[in-house]
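These protein sequence lines map, in sequence, to chains A and P. Residues in the first sequence are numbered from 9 upward in steps of one, following the working numbering. Residues in the second sequence are numbered from 29 upward in steps of one, following the working numbering. Don't be surprised by glycine CBs; every beta carbon is placed ideally from N, CA and C. In what follows, a single structure is set out as structure tokens and then discussed.
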Amino acid sequence: MANRSGFGLRLTCLVITLISLLLSVFLGFSIYSEKKAAGKYEKAIIYANERSAENETKAKNTLSQAEALQEQKELIQEDIRVAEKKKVYETQATAFLTFDDSPSANTLKILEILKQQGVTATFFVVGSRITENNLPILQRIIDNGHTVAMSANKIDYATIYSSSDAYLSDLNALRDKLLETVGISPNIVRMPGGTYSAYSYFKKYGGSETVFDSVVEELEYQGLALCDWNVDTKDYGSTPVRTVIDNALDGAKTRASGQYKRKTAILLMHNNNSTVEALPDIIKGLKDMGFVFEALDAEANVYRQK
Amino acid sequence: VATPKRSYGYRSAAEIRRFRTVNLLFAFAATVAIGVQIYLIVGYFSARSDKNFKAEQYAAAQTRLEASENEVKDAQSEYDALVADIANLEQRLAELEE
Chain A
9 MANRSGFGLR LTCLVITLIS LLLSVFLGFS IYSEKKAAGK YEKAIIYANE RSAENETKAK
69 NTLSQAEALQ EQKELIQEDI RVAEKKKVYE TQATAFLTFD DSPSANTLKI LEILKQQGVT
129 ATFFVVGSRI TENNLPILQR IIDNGHTVAM SANKIDYATI YSSSDAYLSD LNALRDKLLE
189 TVGISPNIVR MPGGTYSAYS YFKKYGGSET VFDSVVEELE YQGLALCDWN VDTKDYGSTP
249 VRTVIDNALD GAKTRASGQY KRKTAILLMH NNNSTVEALP DIIKGLKDMG FVFEALDAEA
309 NVYRQK
Chain P
29 VATPKRSYGY RSAAEIRRFR TVNLLFAFAA TVAIGVQIYL IVGYFSARSD KNFKAEQYAA
89 AQTRLEASEN EVKDAQSEYD ALVADIANLE QRLAELEE
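Pasting the structure below:
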């Protein structure tokens, strides 16, 4: 019995061992294959991650270059807008009504006339005139879609033209006041008396011809455009209303006559009673001559005498 | 006296001990073989699971790679479009300024 069961056991063990040997070969090969495949995946993952990182950097760099190009594109578009406008001015007579010494009680009357006539204009404000009473008028100028530009905080020639710092600090005071009261920071400036006179005043009160140039340079640096006028209505003093109208229309006619490259008339007016009386006829006369009306644009239509 | 013959179920004690030792060796070999099998089977499933995990990671990495390649293509298209736009705008500006 021991003999028979002994051989049976040995045979069973032998069969088990042999089958195991075969299976071991198979399993060993399978494990090798799986590990090899895992290794390949690992290498591919590293490669893909490296490529992804490279691509992300490349995309980021390209996008930042594109961003710079976008800014360049916007600048060119702005240049085109200005150039197109200037081109239009070569054929289309355009009037820019500008009112110095704003705001005042007469500004309300002027605004009413402009509203009736459907005309936009530019108001050069003086800081000392932005009082509690005049503040709603200033707000109305903005609400009616007109342009607000800066004159000076206090019109005192001997003070503001005494030095570059004096002029700029006065202008900064006006800008601060406008920001504080109505939340705007205009980019058009008119020197009291105009640039031609300002040049002389800087020389007289500032003691040097170079003061004017340094002020102009600083204004340009700050992105502010200086704007004078090319038609003086002389609506001050005791000028009769009829003369004011004639000054405006004759001056505008000359500007649109073709002797200048652009048919733009920048009319200097104030907030006087004669201005209010003359304004309806001035607008009518200009319309009859084919003028259209625009507010000043710092880029497209400012004009300097000096 | 009958001589003991090598017949079924009749052996000396020494033969029986040797016989049992050999049996034990066979049994031991079979047990070791089964143990090795279990070890290999566990190893195989572990390797397969590791491979599958790596395959999933690879698929994810591949998706990221494709997305990054698309990002590069999109950025390049945007850049090229801007270059073309700027060229046109510069030409338009030059015409206006003539």
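Inter-segment contact for the segment 274-281 of chain A and the segment 105-114 of chain A is present: three or more beta-carbon pairs are separated by less than 8 angstroms. Cβ contact annotation for A:L187 (same chain, cutoff 8 angstroms, sequence separation greater than five): S193, in chain order. In summary, the residues of the segment 64-95 of chain P whose CB is separated from some CB of chain A by less than 7 angstroms are V64, Q65, L68, I69, G71, Y72, A75, R76, D78, K79, K82, A83, Q85, Y86, A89, Q90, R92 and L93, in the order they occur in the chain.
Judged by DSSP in its simplified three-state form, A:T272 adopts strand.
For A:M158, same chain residues with a beta-carbon under 6 angstroms away, outside a window of 5 residues either side, are L182, P194 and V197 in chain order.
Taking a 10 Å sphere around the C-beta of A:Y55, we find fewer than 16 other C-beta atoms and assign the residue as exposed. Sequence-distant Cβ neighbours of A:R18 in its own chain, meaning closer than 8 angstroms and more than five residues away, do not exist here.
Residue environment analysis places A:T65 among the exposed positions, since fewer than 16 neighbouring C-beta atoms fall within 10 angstroms of its C-beta. By the Cβ rule, the segment 208-225 of chain A counts as touching the segment 162-179 of chain A, because three or more pairs are nearer than 8 angstroms. The C-beta of A:D178 has 16 or more other C-beta atoms within 10 Å across all chains shown, which makes the residue buried.
Considering only beta carbons, the part of the segment 52-67 of chain A lying closer than 7 angstroms to chain P consists of A52, I53, A56, N57, R59, S60, N63, E64, K66 and A67, in chain order.
The beta-carbon distance between A:I163 and A:P200, rounded to whole angstroms, is 5 angstroms. This is short enough to meet the 8 angstroms contact definition.
DSSP places A:L122 in no beta strand (DSSP E) but in the uninterrupted alpha helix (DSSP H) bounded by A113 to Q125. For A:A160, there is no enclosing alpha helix (DSSP H); the enclosing beta strand (DSSP E) has its first and last residue at T155 to A160. In the structure shown, A:F299 falls within a coil segment according to DSSP collapsed to helix, strand and coil. Collapsing the DSSP output to three states places A:A308 in coil. Measuring C-alpha to C-alpha distances from A:F132 to each of A:R250, A:A67 and A:L146 identifies A:L146 as the nearest. When C-beta atoms of the segment 85-104 of chain A are compared with those of the segment 292-302 of chain A, three or more pairs fall below 8 angstroms, so the two segments count as touching. Exposed is the label assigned to P:S77, since fewer than 16 other Cβ atoms lie within 10 Å of its Cβ. The C-beta distance from P:Y107 to A:Q73 rounds to 6 angstroms, short enough to meet the 8 angstroms contact threshold. DSSP places A:I24 in the helix class (H, G or I) of the three-state scheme.
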